[in-house]
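Here is the structure we will look at, set down as structure tokens.
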Amino acid sequence: MLSASRLNLLASIQALPRDLRLLFLSLFLWTFGLGLYNYIWPLYLRDLQASPSDVGLVFSIGFLALAVSMIPGGILANKYELKALLIIGWAMSIPPPLMYYFARTWTDVIPGIVLFQVSGFNVPAFNAYIAGAAERAKSASNFGVTWASAPLGAVFSPLVGSVVLNWIPVRSIFILTFVFFSISTIVLFFMKPQPPLESDARSPRLEFPKSRREGSLLLYLAGAALAWSVASPFIPLYFQDALSLGPSIILLLGALQSLGAAVFAILLGRRADAKSQGGTMAMGLLLSATGLIGVLLTRNLLLAFPLVFLIGGARAPSLVAYSILSTVRKGASRAGQFGFYLTLESLGFVLGSYLGGLLYTLTPISIFYTTSMSFVALAILAWLSFRQNANPRREGE
31 MLSASRLNLL ASIQALPRDL RLLFLSLFLW TFGLGLYNYI WPLYLRDLQA SPSDVGLVFS
91 IGFLALAVSM IPGGILANKY ELKALLIIGW AMSIPPPLMY YFARTWTDVI PGIVLFQVSG
151 FNVPAFNAYI AGAAERAKSA SNFGVTWASA PLGAVFSPLV GSVVLNWIPV RSIFILTFVF
211 FSISTIVLFF MKPQPPLESD ARSPRLEFPK SRREGSLLLY LAGAALAWSV ASPFIPLYFQ
271 DALSLGPSII LLLGALQSLG AAVFAILLGR RADAKSQGGT MAMGLLLSAT GLIGVLLTRN
331 LLLAFPLVFL IGGARAPSLV AYSILSTVRK GASRAGQFGF YLTLESLGFV LGSYLGGLLY
391 TLTPISIFYT TSMSFVALAI LAWLSFRQNA NPRREGE
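Counted the way the numbering used here counts, the sequence shown spans residues 31 to 427.
Take a look at the structure:
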């Protein structure tokens, strides 16, 4: 039975080091802006005459742009000050909402989505910044709580978006997103710089798997990204097509999904610090698979709410995997591993979203079965590979 203290989000945030609290706030504001439209983004693309396969293509192009940026991002994170890289990436995400606002066909959004995803080049720097600022004994929970700001920001903004849509069209939502992206960038200026470590500069620019544990970690990250992206871009379309739900209700379901993501990110992170990392990851995957199958079998709006909450935990196990990656090898650079591993993870998103578009066109229910069965297989992989926690210290720290 989970204690009430584990559900105390405010206490978890206050326990973070100062710079991670600021990073939490910045990411919260950024994802608040993203959440205003993210869960109805596929519906907006459909309004711009995009078919389900076109929706999958847009997601794939964006994830490909993200994948291409990961290795350069990892190299930059080893060579340059991390705070500056975070600010640059955040600033690059500011123009795309305006580009979406002026789009008239679905192809018009492609330049914006490419720029938006390339701004994610600083994800290795983001993870490296957390690793550098985190308390070593609480690595998984610091990763989980900091990253939990992302789904938490998207908990409240869909609620706001569903209300605002009563007065303005979907297109105007992007102006609000532009404002929140700008404010979130300003917050980053108040964090302390985190210069590159000498040990990072001497380390290889890219860190490839050198052990079975590292290979399993790479397989998990890429596989989880592929499995999740088969379904995630198309869940809003399914709600609209199968349950005849409108954008406002879909935004409410999106808020609940984000709440699930935030709660599971914190709870699984804490559990992974105290117990088996692999067992914790498997638990999150199986709960999410249960939610996906439940939505498909019930086809009921009332039951969809608790089930969507479970679906929200789909990405939380990957945050535990990030914490493993940050400590898996003694002497590895802070960002070299993230650059390579996140590239393969992003390629999983590319393939999964494209495959999901094809499957949804053939039969919408297939995406739920494909992702759920993949999650079961990944749960077995995680449980077998990471049952025993291993947290070697880095050299040079």
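Think of the CB as a built atom: it goes at the ideal place given N, C-alpha and C, for glycine as much as any other residue.
In its chain, beyond the 5 residues on either side, 374, 375 and 378 have a beta carbon closer than 6 Å to the beta carbon of residue 252. Nearest to residue 352 by alpha-carbon distance, out of 142, 212 and 416, is 416. The continuous alpha helix (DSSP H) containing residue 113 extends over residues 112–122. A distance below 7 Å separates the beta carbons of residue 123 and residue 146. Per DSSP, reduced to three states, the secondary structure at residue 274 is coil, with no helix or strand assignment. Assigned with DSSP and collapsed to three states, residue 109 falls in helix. Our two residues, residue 335 and residue 321, have alpha carbons roughly 10 Å apart in a direct line. Excluding five sequence positions before and after residue 272, the CB atoms of its chain that fall closer than 7 Å to its own CB belong to 329 and 394, given in chain order. Residues 218 of the same chain have their beta carbon placed closer than 6 Å to that of residue 117, with the five preceding and five following residues left out of the count. Take residue 319, set aside five residues on each side of it, and the residues of its chain with a beta-carbon closer than 7 Å to its own are 402, 405 and 406, in chain order. Taken through DSSP and simplified to helix, strand or coil, residue 81 comes out as coil.
For a cut-off of 8 Å, the C-beta gap from residue 181 to residue 342 is around 7 Å, short enough to register as a contact.
Here residue 63 really is in contact with residue 211; their C-beta atoms are around 5 Å apart, less than 8 Å. Put simply, of 106, 155, 174 and 100 the residue whose alpha carbon is nearest the alpha carbon of residue 354 is 174. Taking 7 Å as the cut-off, the Cβ atoms of residue 278 and residue 195 count as close. Closest by C-alpha distance to residue 301, out of 314, 289, 291 and 290, is 314. With contacts defined as CB atoms closer than 7 Å, residue 156 and residue 380 fail to qualify as a contacting pair. Annotation: residue 292 to residue 80 spans about 31 Å, alpha carbon to alpha carbon. Between residue 67 and residue 203, the gap from beta carbon to beta carbon is short of 7 Å. Residue 195 sits in coil when the DSSP states are folded into three classes, being neither helix nor strand. Looking from the CA of residue 52, the closest CA among 72, 276, 326 and 214 belongs to 214.
Annotated three-state conformation of residue 254 is helix, per DSSP. In the structure shown, residue 220 falls within a coil segment according to DSSP collapsed to helix, strand and coil.
Ranked by how close their Cα comes to the Cα of residue 153, the residues 96, 58 and 398 have 96 in first place.
Of the residues 331, 184, 412 and 48, the one whose Cα lies closest to the Cα of residue 347 is 412. Taking 7 Å as the cut-off, the beta carbon of residue 309 is found no closer than this to the beta carbon of residue 103.
In the structure shown, residue 45 falls within a coil segment according to DSSP collapsed to helix, strand and coil. Taken through DSSP and simplified to helix, strand or coil, residue 330 comes out as coil.
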